[in-house]
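What follows is one structure encoded as structure tokens, with my remarks underneath.
4 protein chains.
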Amino acid sequence: MKTSTFEQYESSVRSYCRHFPTIFTDAKGAVMKDEDGKEYIDFFCGAGAVNYGHNNSYIKNKVVDYLMTDGIIHALDMYTVPKREFIETLEQKIIKPRGYDYKIMFTGPTGTNGIEAAIKLARKETKRRNIFAFMGCFHGMTHGALSLTSEMYARNAANATFTDVTHIPAPYMVEGMNVIDYMQMLIDDDHSAVEKPAAVIMETVQAEGGIRVFSDEFLRDVRDFCTRNGILMIIDDVQVGCCRTGSFFSFERAGIKPDIVVMSKSIGGIGMPLAIVLHTAELDHWKPGEHNGTFRGNQLSFIAGKAAIDYLTENNVEAETKRKGELIRDFLETQILPLDSRLELRGLGLIWGIDVGKINPELSEQIIEKSFEKNLICECAGREGAVVKMMPPLVIEDELLIEGLQRLKKSFEEVLGK
Amino acid sequence: MKTSTFEQYESSVRSYCRHFPTIFTDAKGAVMKDEDGKEYIDFFCGAGAVNYGHNNSYIKNKVVDYLMTDGIIHALDMYTVPKREFIETLEQKIIKPRGYDYKIMFTGPTGTNGIEAAIKLARKETKRRNIFAFMGCFHGMTHGALSLTSEMYARNAANATFTDVTHIPAPYMVEGMNVIDYMQMLIDDDHSAVEKPAAVIMETVQAEGGIRVFSDEFLRDVRDFCTRNGILMIIDDVQVGCCRTGSFFSFERAGIKPDIVVMSKSIGGIGMPLAIVLHTAELDHWKPGEHNGTFRGNQLSFIAGKAAIDYLTENNVEAETKRKGELIRDFLETQILPLDSRLELRGLGLIWGIDVGKINPELSEQIIEKSFEKNLICECAGREGAVVKMMPPLVIEDELLIEGLQRLKKSFEEVLGK
Amino acid sequence: MKTSTFEQYESSVRSYCRHFPTIFTDAKGAVMKDEDGKEYIDFFCGAGAVNYGHNNSYIKNKVVDYLMTDGIIHALDMYTVPKREFIETLEQKIIKPRGYDYKIMFTGPTGTNGIEAAIKLARKETKRRNIFAFMGCFHGMTHGALSLTSEMYARNAANATFTDVTHIPAPYMVEGMNVIDYMQMLIDDDHSAVEKPAAVIMETVQAEGGIRVFSDEFLRDVRDFCTRNGILMIIDDVQVGCCRTGSFFSFERAGIKPDIVVMSKSIGGIGMPLAIVLHTAELDHWKPGEHNGTFRGNQLSFIAGKAAIDYLTENNVEAETKRKGELIRDFLETQILPLDSRLELRGLGLIWGIDVGKINPELSEQIIEKSFEKNLICECAGREGAVVKMMPPLVIEDELLIEGLQRLKKSFEEVLGK
Amino acid sequence: MKTSTFEQYESSVRSYCRHFPTIFTDAKGAVMKDEDGKEYIDFFCGAGAVNYGHNNSYIKNKVVDYLMTDGIIHALDMYTVPKREFIETLEQKIIKPRGYDYKIMFTGPTGTNGIEAAIKLARKETKRRNIFAFMGCFHGMTHGALSLTSEMYARNAANATFTDVTHIPAPYMVEGMNVIDYMQMLIDDDHSAVEKPAAVIMETVQAEGGIRVFSDEFLRDVRDFCTRNGILMIIDDVQVGCCRTGSFFSFERAGIKPDIVVMSKSIGGIGMPLAIVLHTAELDHWKPGEHNGTFRGNQLSFIAGKAAIDYLTENNVEAETKRKGELIRDFLETQILPLDSRLELRGLGLIWGIDVGKINPELSEQIIEKSFEKNLICECAGREGAVVKMMPPLVIEDELLIEGLQRLKKSFEEVLGK
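Structural data, given as structure tokens:
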């Protein structure tokens, strides 16, 4: 196994590879293989980019078929057949059946690029500059998104000036504080020093913040707060959209309609780079090219994205995700939580985290290393990295899921000394 | 032809499609086809993303082969075989033979994301915040890059506060002004109000700024200026790198070594999303994950990117580009420029622009519309969009190139009334 | 009475004159006279600038004597006898007896200028840019101070970008929130998005914020918070310093030592413009002229300032203030509060406010207008201007104080319809 | 002589005192005395604050008379007799006779405070945020003014983020550059990255920048540029207004009418703190109190300010300034400039500078030290402090002026080794 190439030539900014010091070759479903032929169960799922499994055959075959015909691959934002079909499929199978009326905006094919577009739109429309974001959030690493992202490590690395964002404590952070009332006070009090925002931006589950699930009620309250005050609501569904929580949009559980939704990761089906911004028709005052990006017309992503929507609707991925979610919750509650009363479990659908912070935040890193030794890929997240994060492909077979959980349990046991 | 889907559902931010109101289906080399079976000669080249031709067979076949083996598609920044091979090929065939020692950083797969990483690195390393950028530049649309980008249309759309950038007039802008002396003065004068910058960022040809070619001498002077003052030099080679000007890196003609180079577009071979930042080894103080992005590990891009390097080196693309560059220059100088003495021609390699601004900036739009009617795809750029921009794939056959130029000439004639 | 001059030629930015539409001529102690010979009891006290009474004879005579000798009036920051004597008196009679070791910095002669200097010093010393300020605060109207000031009316008027300040809810604002814990969380949580500040700046009583008195305990807790975290504590004692609360420094009641103290208003004795910044010796790393201002060397202010210190120490102004404070509190509690159970009384020493916000914020304006009709000068303050503010000169005679309070009571009765 | 008090207790930020290590006691006209009874000729004039001479008897007597009557001293912005008389006198004797229609705004009594108000007004009125300021300028030390001030020493000391200002090279800085064309280009070029400004702010003579006199033509060109483009023109007349250049307003020589004028220093007559902003009637959309400050109602400054206007009009100060200006120019040209061909002389009226920068910037400090030894007070200014600045009171007697110049000449001779 030759990792020296990376050590010699790749920038030291590389990160995940440090937890998984092997060289991967191929992957299928929930299994990844390395150069030594070892097979790993994948509980990381490309940070949510391969929800429908590595090399999902249905999706991949559509891509290969297209490539075989010399279908145009790159077309900026010109009209193409794959783009038309992606749009129609997304509208007909996802957006309209759920009662939404979003228009689709194609941005540079990264979640952070979609976020940049979303805040431009909100500021343009409202003629206000401030944005409310929640502490604990992660919205991306380009400077506009990073001004929202609450992670100090990432912010400090930029040595930059961030402006026009007010960070609001998430509901789990300040005991006894009603966050909605707090935001209303910031707007109403003529001595708050805080400008009324263009938008409130949020994830429905703060994944990087430590698998912090916002309650349905809180999501509805934010929606009401925004509506009441003429503020736009932006949902960043980059990581927990695309069925991860059991419904295509993660906010469906709350019965709300955000004004703007940002999606990426699994919207590209099998890890093909794609990002979209959905915005209501009434916000559609963009002038041509006010936001753009060369790779917003990656046709293979449209092909894969359309195929993914077909796949997920035909294979009951939402329902299956909910079912497996119960399975994983049950295992974690009954098999791992009892190992130490200070462990905390949070999650829904197929995104879960166990917080070891009350014991010792550093244990999480030991646990994922132990897991890797047992051929299980999972990562840590959250404050001080104290949360062991589990995010398998939604299509993982039950046996593999259980097997992965067993390995995880052993890792916990070894690290906790049980 | 059904464009109503786009009109109904796609955000009004879409732009290029407005100049080319048809629906493209497939493409090969320098030819694009639409749903009606019409064939277009492509002088736009995906804004530089398909330098080696649409569906370049050599490159595409490598991608298909990989897909067939269930090679891992998405792997974040974990180690993989395609990534290793891309790194080795780029180092061995491009970087080392040219005498550079760059480390390779993989960013989110868009040029703008690479720029964001580059300015983070420069500010981190120097502990300074200011950046010098040149008026006329285009570095991207995310907020960090956009703070550099000089296009007012794009800047205004964001309704955002931009900080920590000083824009310097490009050499062609202020008659009688020595731009290097000006920058030196800004640093030396204790009453300039301008902070010493972390970096000077520039393109070697301002493409969006109107195909403005910086002279070899100016590039060297900027390099000297940076070295002399302990400032980093960043070259944005997103649009004119990858052989576009006749050498892999566009700055080779000046014999300089920038501290940081940002590449994207054709680095992904056939339009596969990819962006890299090359930085000298001595700048490699990144801590893990200080910049990241989900799709920085798109394996198909590595496959295509490696294949592209193999292709370009084996097919003398650099030399061919130079040769065709002379051909196009000759045609434009002898066939089009004589149509009106107020036309201005600028370019090198296979990127050229004819500026109609001294006649009437709006003529350029008429010319590209006429060209489209003649099945030629080209776009406008520059101040007030007054420049007709020609950027065919580097691998375009001579006959197609001449045919395209003939069509362009006819468009000029019709619009200029000759 | 000729106010037409003002209406015709003075900028419409003028404000207090709108509540007191007469032309004042002379003033003595707590009494102001107008051109028609009417006498007014002054419960406004030049917003705290004439604590020792209008035309305090002891102080004024010193000024006149100095003027008679052709003593130098304006000397920038050169050494002069009046400056030396002011410094010695302030150190010997105020600073040292209280156990402090402050150095004295002379800034431009306005409170806001002192605040500007204070935040420069804090940012310089700590090499950090962020400042924590409390919602409800007022620190001045120049852009640095205004970035701290929480009043939206003032902030919006500037149409400016404010950076590098985090506004913290004051303890009375968010029920159930421990503000110290909140600030500690902002610093400790690696996902707060809030940078560790250079300083916490605060008033001990938010005067403009509505006569909000911070408890001794809270002041000590902030001091501890700052000490514990290596953050500087800045007290803005511009309005409530100079004995207003019963001790020279308003923070003496809490037994704390701020790192930086800003004083103005009554530090100039009889309304002579003066502002000083006191900072600990260990912060004294200023380089010459890093902050300056032409009128920081106004000798008449030094003369008056010294005389004021002599006066206040020899006339037990601190003790008298406390005594009269009890008198005023007693009257307000027993005579005015009972008029309506929704009235709220806040204050200490000789600064008091009655908040009518729970009835109707606009009543306060009616009350001060009624008071003016009764020849009593007082102003409103606070959120929505809902607080009737009482701030007589500290030297007001008891009978005048009671007479003023009687007039105020009548105004309340008339407006409340009792 | 006891300077130890200052060394022990005054903040190290003190500056001018370091050049003049003595303790001043009294002053009259152009003569300052110290504790040892030494008399100094004053060529510094309190940085322009005592244009009519120290302790000008006419002015001072008015102040004393007022004090004797218990006239109100401090009145915020309430209406008073002294304020009315100041307004009427300024309007009738200065503003109207010159054909202007300015309204008068009273700000905090420092030049920097007036500047802060001026930029607020410009940004409010135009709804634009950017301001153009010239490199070499000095507009004050509070954060809004400091964002304009070009001196790096002062800017760096703040460790602050400055936004919304574009600094333009002054006409003397970039050879061959037409500054008006440059500004027009910044506005017209759709790729300049520079936002159209709310205002251009400038001094007519950059005093701190090194006695750089802008030509009449340039002032008119800036005025035209502003008018043509709907941009406000702000003149900072803090240092060179009040007759310093030979006319009350320094811009009269160019026959222009700025939209906003900021005055301070000698507007207070004998060094009494005062600052005013003059703005055209059509800009008078201030809402009450949108800018304020406690000491904007310092009655002694109104008394002195009115008396100063009476004095200057009755004593032909403008004409006298012009006459003495010729006298000083003649001396410098014939007596000092010949000492070394590298000396540069700049100035007009009674503000002059000799630039030693082409010999050695540090000589200026030696020259002012030598001058102090000869009982002459003058200071240095300009880039690297290389300019010996001469700014005597306008009322200096001819003999004293010549005597001062003789002393200065000797200092030059000694330092230059002649």
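Chains as they are written, first to last, in the numbering used here: chain A, 33 to 450; chain B, 33 to 450; chain C, 33 to 450; chain D, 33 to 450.
Cβ atoms here follow ideal geometry from the backbone N, Cα and C, with glycine treated the same way.
Since this is a predicted model, take the numbers as computed values, not measurements.
Taking 6 Å as the limit between beta carbons, can you name the residues of its chain near residue i, skipping five residues before and five after?
| i | result |
| --- | --- |
| A:Glu227 | Asn162 |
| D:Arg374 | Lys390 and Ile391 |
| B:Leu437 | Phe363 |
Just to confirm, are residue i and residue j a CB contact at a threshold of 8 Å?
| i | j | result |
| --- | --- | --- |
| A:Pro129 | A:Arg328 | no |
| C:Phe166 | D:Tyr111 | no |
| D:Tyr84 | D:Leu306 | no |
| B:Val232 | B:Cys258 | yes |
| B:Ile243 | B:Ala413 | yes |
| B:His311 | B:Asp291 | yes |
| A:Met209 | C:Met64 | no |
| C:Met265 | C:Arg276 | no |
| C:Val309 | C:Ala150 | yes |
| A:Leu380 | A:Lys450 | no |
| C:Ile200 | C:Phe164 | yes |
| A:Val420 | A:Ser396 | yes |
| B:His323 | B:Glu157 | no |
| B:Ile267 | A:His86 | no |
| C:Thr101 | D:Asp97 | no |
| B:Ser36 | A:Lys135 | no |
| A:Glu120 | A:Cys169 | no |
Would you report the Cα separation of residue i and residue j, rounded to the nearest angstrom?
| i | j | result |
| --- | --- | --- |
| A:Thr54 | B:Pro114 | 13 Å |
| B:Ser459 | A:Gly273 | Nothing about residue 459 of chain B can be reported from this structure: the residues present for chain B run from 33 to 450 only. |
| C:Gln271 | C:Ile383 | 10 Å |
| A:Lys70 | A:Ile409 | 12 Å |
| C:Met217 | C:His223 | 10 Å |
| C:His171 | D:Val237 | 33 Å |
| A:Thr193 | C:Asn188 | 21 Å |
| C:Phe263 | C:Arg285 | Correcting the residue type first, residue 263 of chain C is Ile in the shown sequence and not Phe. Between C:Ile263 and C:Arg285, the C-alpha separation is close to 22 Å. |
Any idea which residues DSSP pairs residue i with across the strands?
| i | result |
| --- | --- |
| D:Cys412 | D:Val420 |
| D:Glu42 | C:Ile136 |
| B:Asn261 | In DSSP, B:Asn261 forms no bridge with anything. |
| C:Asn330 | C:His106 |
| A:Val293 | A:Ile267 and A:Leu310 |
Label residue i either buried or exposed according to how many other C-beta atoms from any shown protein chain fall within 10 Å of its C-beta, with 16 as the threshold for buried.
| i | result |
| --- | --- |
| B:Arg260 | exposed |
| C:Tyr185 | exposed |
| B:Asp68 | exposed |
| A:Thr366 | exposed |
| A:Asn348 | exposed |
Give a single yes or no on whether residue i has its beta carbon closer than 7 Å to a heavy atom of the ligand SAH.
| i | result |
| --- | --- |
| D:Asp268 | The model depicted lacks the ligand SAH and carries no ligand whatsoever. |
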